Amino acid sequence: MPAPRTLILFAHPALEKSRVNRTLLTAVQGLDHVTLHDLYEAYPDFQIDVPREQALAEAHERIVLQHPFYWYSTPAIMKEWFDTVLQYGWAYGSEGTALHGKTLASVITAGGPTEAYGPGGYNTYPVKDYLKPFEQTARLCGMNYAEPIILHGCVSCTVDELDEWTTRYRNWLNDVSA
214 MPAPRTLILF AHPALEKSRV NRTLLTAVQG LDHVTLHDLY EAYPDFQIDV
264 PREQALAEAH ERIVLQHPFY WYSTPAIMKE WFDTVLQYGW AYGSEGTALH
314 GKTLASVITA GGPTEAYGPG GYNTYPVKDY LKPFEQTARL CGMNYAEPII
364 LHGCVSCTVD ELDEWTTRYR NWLNDVSA
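Just so we're aligned, residue 214 is where the sequence shown starts under the working numbering, counting upward by one.
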């Protein structure tokens with residue numbers, strides 16, 4: 214059984230400054246079942262081509278949101294993607310079934326260490342708590358929400374840690390049950 218066709222919606226407004234995200238993007242190159250779609254590259258003016266994006270989403274079984282954890286959410290263009298692409302009657306509502314049965318997943322890079330996110334940490338809550346809007350969006354659209362992959366401590370991760378994350382990500386993308 215082949216791995217599911219996967220659309221990676223990638224958003225990073227300063228990719229040149231992100232060693233971790235650049236390395237993760239390199240890891241997905243050459244995977245035939247993966248379409249990498251850099252939203253900032255495709256839409257530097259934020260003028261999202263809704264029919265194109267809907268066709269991309271329809272053509273894949275799994276949609277991955279890969280981005281840094283910005284102010285407890287996503288970079289602005291990904292929010293714009295949600296606001297414009299996930300339209301009533303297409304993504305949700307009584308006739309909005311285009312995404313039913315697909316999987317939505319989050320791959321998040323966070324600069325702070327794991328202990329910074331939770332009781333006693335300076336961010337108070339675990340990253341998963343901040344991802345509830347994505348989980349609910351998946352539910353509203355009839356999608357399955359996969360367990361998020363959260364890479365903590367990206368600012369100071371070692372080469373070995375980055376290699377481990379890269380391998381984990383690539384293996385997850387190739388997993389037919391993920």
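The C-beta atom is built at its ideal place from N, Cα and C for all residues, glycine as well. Keep in mind the model is a prediction, meaning the values are calculated, not measured.
Contact annotation: the stretch 265-278 touches the stretch 291-305, with at least three C-beta pairs closer than 8 Å.
Ranking 237, 218, 372 and 230 by CA distance to the CA of residue 363 puts 237 first. The C-beta distance from residue 278 to residue 222 rounds to 5 Å, short enough to fall under 8 Å.
Counting along the chain, the unbroken alpha helix (DSSP H) around residue 352 starts and ends at 345-353. Partner residues in the beta bridge of residue 319, as assigned by DSSP, are 278. In the structure shown, residue 261 falls within a coil segment according to DSSP collapsed to helix, strand and coil. In terms of Cα proximity to residue 252, the closest of 246, 244 and 261 is 261. Ranked by Cα distance from residue 376, the first of 320, 310 and 239 is 239. Residue 259 sits exposed, since fewer than 16 C-beta atoms from the chains shown fall within 10 Å of its C-beta. Looking at the backbone, the Cα of residue 263 and that of residue 280 are separated by about 20 Å. Secondary structure at residue 252: helix, using DSSP grouped into helix, strand and coil. Its Cα nearest to that of residue 287, the residue 344 stands out among 344, 229 and 372. Residue 219 sits in a strand when the DSSP states are folded into three classes. Per the DSSP secondary-structure output, residue 362 pairs in a beta bridge with 320.
In the three-state DSSP reduction, residue 382 falls in the helix class (H, G or I). The beta carbons of residue 246 and residue 218 sit about 5 Å from each other, so the pair counts as a contact at 8 Å. Burial state of residue 305 is buried, judged by a 10 Å Cβ sphere holding 16 or more other Cβ atoms.
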